[in-house]
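*Asks:* As given, the protein sequences belong to chains A and B, one line each in that order. For my numbering, add 1 to where a residue sits in the first sequence, where the first one is 1. For my numbering, add 1 to where a residue sits in the second sequence, where the first one is 1. All residues carry an ideal CB built from backbone N, CA and C; glycine is no exception. The structure displayed is predicted, hence computed values, not measured ones. Below is one structure. I have some questions about it.
Number of protein chains: 2
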Amino acid sequence: MTKGNVQGCVEDSDVSPRDLAARAAWLSFVGGMTQDQIAQELGISRQRAQRLVARASAEGLIRVRIDHPIARCLELERDLKDRFGLEAAWVSPGIGTGADPLIGLAPFVAPVLERFFEDTQSKTFALGTGRTLKTVVEHLRTVDGAHHKLVSLIGNVAPDGSASFYEVIMRFAEKTRAKHYPMSAPVSARDDAELVLYRSLPHVKASRALAKSADLAIVGIGQMGDDAPLYVDGFLTAEELTDLRAAGGVGEICGHIFDGAGRYLDHPVNHRMVGVQVPVQEMPVYCVAAGDSKLPALRAALGGGLLAGVFTDERTARDLISQ
Amino acid sequence: MTKGNVQGCVEDSDVSPRDLAARAAWLSFVGGMTQDQIAQELGISRQRAQRLVARASAEGLIRVRIDHPIARCLELERDLKDRFGLEAAWVSPGIGTGADPLIGLAPFVAPVLERFFEDTQSKTFALGTGRTLKTVVEHLRTVDGAHHKLVSLIGNVAPDGSASFYEVIMRFAEKTRAKHYPMSAPVSARDDAELVLYRSLPHVKASRALAKSADLAIVGIGQMGDDAPLYVDGFLTAEELTDLRAAGGVGEICGHIFDGAGRYLDHPVNHRMVGVQVPVQEMPVYCVAAGDSKLPALRAALGGGLLAGVFTDERTARDLISQ
DNA sequence: TCATGATATGGGCAAATGCTCAAATCTAAT
DNA sequence: ATTAGATTTGAGCATTTGCCCATATCATGA
């Protein structure tokens with residue numbers, strides 16, 4: 002009667018709890034073992050085994066991928082490309098109605114980005130910010146992308162002086178070990194003098210120059226409803242928001258607001274951004290976005306040729322295409 | 002009360018069963034939904050949902066990876082590299098004792114190979130054969146490696162004239178879309194005249210030349226016990242097997258038999274192979290192998306410098322290192 | 001048209017899993 | 001050394017899952 006520990010793993014007293022969790026998850030998912038078997042193999046209780054597996058899942062140690070392109074999603078990808086003249090489109094299968102679309106989109110996008118980073122050719126990636134991108138980065142696995150460069154398209158300091166909460170470049174760099182160039186400056190200047198000042202700072206200058214010369218930009222998109230992220234996070238006052246909407250603003254990319262035809266507004270708010278307006282001329286811009294609220298913004302950006310590629314979910318893709 | 006079908010998926014009568022299975026698996030694994038919820042979302046019965054998810058797993062539509070290097074495995078990798086002067090080593094966590102080590106090793110190796118193929122730089126990969134490699138290939142996902150070349154190190158015709166059962170290059174090519182160059186000839190010639198004939202065939206010549214100029218070789222390893230694969234598959238007679246063992250043979254790579262010090266035997270059987278003797282001088286050779294039975298062969302190959310890299314499991318790694 | 005075999009479907013049940021709660025153990029500050 | 005707070009552990013139980021079996025549906029050929 003074998004009582005576990007046969008692999009010579011658990012008696013090593015210094016294994017970290019995460020290692021044990023990973024091992025339990027491995028036995029469960031790859032080995033197809035039941036929790037009782039895992040418990041026996043590892044010499045622990047059934048409950049502990051269950052907790053370890055649950056923990057491994059919760060901590061994102063487990064990556065599940067569906068390796069079968071669903072016909073309907075492929076079709077939507079094709080339609081999106083045709084309709085908006087995109088060079089690339091990815092459509093994730095829909096998660097149950099009502100659920101946060103990011104639950105499905107982020108784990109779907111992450112492996113695609115991983116592939117970008119596994120290329121041995123050195124590239125520079127320009128990054129936006131936001132909850133969407135942040136969630137995607139959390140689903141990235143660690144890849145060796147030390148030969149790439151990451152540069153932020155947008156400042157990292159919120160109006161209250163705090164570091165912007167949804168900044169993604171640092172987390173991205175953690176996962177890829179790429180050299181990273183955050184834009185260490187406020188997102189938005191308060192007046193023209195400040196703008197000139199910030200833009201004259203050497204490191205800001207360098208970041209802006211690098212951003213403009215990137216090989217690919219990956220951005221999110223913001224809507225301009227009552228809960229517009231720019232407003233909620235304090236980058237816009239209520240008056241400015243109203244004003245921008247009156248001027249036709251329906252969405253923003255990296256804080257630069259555009260109208261329903263995808264034309265950037267000629268508005269002071271747009272002129273005060275310290276970061277760069279996404280240079281759609283110079284590089285492909287790929288946008289990650291899904292959800293009803295983002296639909297008008299996304300439609301405008303796509304229609305106006307602001308994007309060269311899009312990651313979205315089935316539901317949003319369908320809505321984009323059906324007029 | 003929503004009765005499902007909201008995503009506009011299931012009413013499309015022409016969705017393939019596989020698509021539905023993939024979608025159910027997506028909802029289950031990524032969406033974390035219960036089978037009842039999946040059933041409702043897809044407008045099917047609970048049992049059907051369960052069957053779809055099971056089917057997706059069975060058909061390999063699901064890829065689970067543990068994205069956490071277990072300390073003990075890393076340690077073993079380091080030890081293997083130090084001990085045998087390897088440039089690379091990968092050690093998969095052990096699956097329960099007694100189980101086929103390939104259950105754990107194959108899903109562990111596959112993603113590593115995928116990465117090799119996702120490189121944009123064109124490469125030529127030389128491949129061996131065998132049950133181990135075949136199982137690994139089954140765990141590969143589809144990657145776009147159309148710019149690479151695959152070449153077989155060994156003939157693909159068994160002594161009875163059938164195509165060799167464990168040939169991997171075709172399956173490999175299916176997964177990667179790479180150009181492939183099988184060696185369309187018998188594995189072994191019956192005499193010197195036949196050998197000269199086969200080797201003079203233009204396509205064999207070309208394959209052999211390409212194989213010798215590959216950038217990386219990926220091979221399995223065979224043992225020389227009573228159930229030696231070369232013997233079981235009819236490439237050796239019982240007498241030859243006995244003879245080779247008496248001459249010190251403990252293992253083989255691509256049909257070329259070597260002794261306990263990793264020196265190829267000067268034996269007629271070795272001279273009749275139509276394929277190439279793995280050109281360890283000209284390229285790195287990585288070997289995938291695990292299991293007690295392969296231990297002597299693996300130890301000899303590693304000790305004799307026949308390999309530049311190894312994929313194995315925890316148990317085998319531990320045994321290799323502990324003398 | 002009907003018979004026949006193969007495949008798919010849903011009910012029912014045993015096994016496996018996830019979760020809550022109380023006890024135990026550990027940590028750290030007095 | 002002691003105690004308050006936090007974390008971990010295992011028992012019990014409700015939920016979920018996997019699987020067997022009887023029935024229904026489908027395809028095929030007489």
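Can you list, in chain order, the residues of its chain whose CB lies under 6 Å from that of A:Asp13, leaving out five sequence neighbours each side?
*Replies:* Because A:Asp13 sits at a pLDDT of 39, beneath the cut-off of 50, its placement in the model cannot be relied upon, and the following sentence gives the value as read from the coordinates. No residues qualify anywhere along the chain.
*Asks:* Would B:Arg333 pass as a contact of B:Arg200 if the rule is Cβ separation under 9 Å?
*Replies:* Since the first and last residues shown for chain B are 2 and 324, residue 333 of chain B lies out of range.
*Asks:* Please report how far the alpha carbon of A:Pro203 lies from the alpha carbon of A:Leu196, in whole angstroms.
*Replies:* For A:Pro203 and A:Leu196, the distance between alpha carbons rounds to 13 Å.
*Asks:* Quick one: list the residues of chain B neighbouring A:Thr143, beta-carbon separation under 8 Å, in chain order.
*Replies:* Asp68
*Asks:* Just to confirm the assignment, what range does the beta strand (DSSP E) spanning A:His257 have?
*Replies:* 257-260
*Asks:* If you draw a straight line from the alpha carbon of A:Ala247 to that of A:Ser185, how long is it in whole angstroms?
*Replies:* Note on geometry: alpha-carbon atoms of A:Ala247 and A:Ser185 lie some 32 Å from one another.
*Asks:* Does the count of Cβ pairs from the segment 61-69 of chain A and the segment 67-75 of chain B closer than 8 Å reach three?
*Replies:* yes
*Asks:* Which residues does DSSP pair with B:Trp91 in a beta bridge?
*Replies:* B:Phe312.
*Asks:* Using CA atoms only, rank isn't needed, just tell me which of A:Leu308, A:Ala50, A:Arg300, A:Val270 is closest to A:Pro280.
*Replies:* A:Leu308
*Asks:* So, is A:Arg325 buried or exposed, given that buried needs 16 or more other C-beta atoms within 10 angstroms?
*Replies:* As displayed, chain A neither begins before 2 nor continues past 324, which places residue 325 of chain A out of reach and without an answer.
*Asks:* So, using beta-carbon positions, are A:Leu106 and A:Asp314 closer together than 9 Å?
*Replies:* yes
*Asks:* Taking only beta-carbon atoms, is A:Glu175 less than 9 Å away from chain B?
*Replies:* no
*Asks:* Report the CB separation of B:Asp37 from B:Arg47 in whole angstroms; it is logged as a contact under 8 Å.
*Replies:* 5 Å
*Asks:* For chain A, is any of its Cβ atoms less than 9 Å away from the one on B:Glu139?
*Replies:* no
*Asks:* For chain B, find out if any of its Cβ atoms is closer than 9 Å to the Cβ of A:Arg178; answer yes or no.
*Replies:* no
*Asks:* Against A:Asp37, what residues of chain B qualify as contacts under a CB-to-CB distance less than 9 Å, listed in chain order?
*Replies:* Here the premise fails: no neighbours, minimum Cβ distance about 12 Å.
*Asks:* Would you please verify whether the beta carbon of B:Asp293 is less than 9 Å from any beta carbon of chain A?
*Replies:* no
*Asks:* Would you call B:Thr121 buried or exposed, if buried means 16 or more other Cβ atoms sit within 10 Å of its Cβ?
*Replies:* exposed
*Asks:* Determine the burial state of A:Gln224: buried for a count of at least 16 other Cβ atoms within 10 Å of its Cβ, exposed for fewer.
*Replies:* buried
*Asks:* With the cut-off set at 9 Å, would you say B:Ser294 and B:Gly235 are in Cβ contact?
*Replies:* no
*Asks:* Using 8 Å for Cβ pairs, my map puts B:Val311 next to B:Leu81. What's the rounded Cβ distance?
*Replies:* 6 Å
*Asks:* Tell me the rounded alpha-carbon separation between B:Gly304 and B:Ala215.
*Replies:* 23 Å
*Asks:* Please check the pair B:Ala174 and B:Leu151, which I expect to be a contact at CB under 8 Å, by giving their CB distance rounded to whole angstroms.
*Replies:* 6 Å
*Asks:* With 9 Å as the threshold, decide whether the Cβ of B:Gly146 is near any Cβ in chain A.
*Replies:* no
*Asks:* Does DSSP put B:Glu115 in a helix, a strand or coil?
*Replies:* helix
*Asks:* Are the CB atoms of A:Tyr167 and A:Lys135 nearer to each other than 9 Å?
*Replies:* yes
*Asks:* Should B:Val270 be labelled buried (16 or more other beta-carbon atoms within 10 Å of its own) or exposed?
*Replies:* buried
*Asks:* Quick one, are the C-beta atoms of B:Leu28 and A:Pro94 less than 9 Å apart?
*Replies:* With a cutoff of 9 Å on beta-carbon distance, B:Leu28 and A:Pro94 are scored as near each other.
*Asks:* Under 9 Å, do A:Val277 and A:Leu217 count as touching if we go by C-beta distance?
*Replies:* no
*Asks:* Check whether the Cβ of A:Ser17 lies closer than 9 Å to any Cβ atom in chain B.
*Replies:* With 9 Å as the cut-off, A:Ser17 counts as an interface residue toward chain B.
*Asks:* Against B:Arg79, what residues of chain A qualify as contacts under a CB-to-CB distance less than 7 Å, listed in chain order?
*Replies:* By Cβ distance, chain A contributes nothing, its closest Cβ being about 15 Å from B:Arg79, past 7 Å.
*Asks:* Does any CB atom of chain B fall closer than 9 Å to the CB of A:Glu42?
*Replies:* yes
*Asks:* Give, in chain order, every unbroken run of the alpha helix (DSSP H) that is at least 4 residues long and sits entirely within the segment 156-193 of chain A.
*Replies:* 170-177
*Asks:* In whole angstroms, what separates the C-alpha of B:Thr130 from that of B:Ala40?
*Replies:* 43 Å
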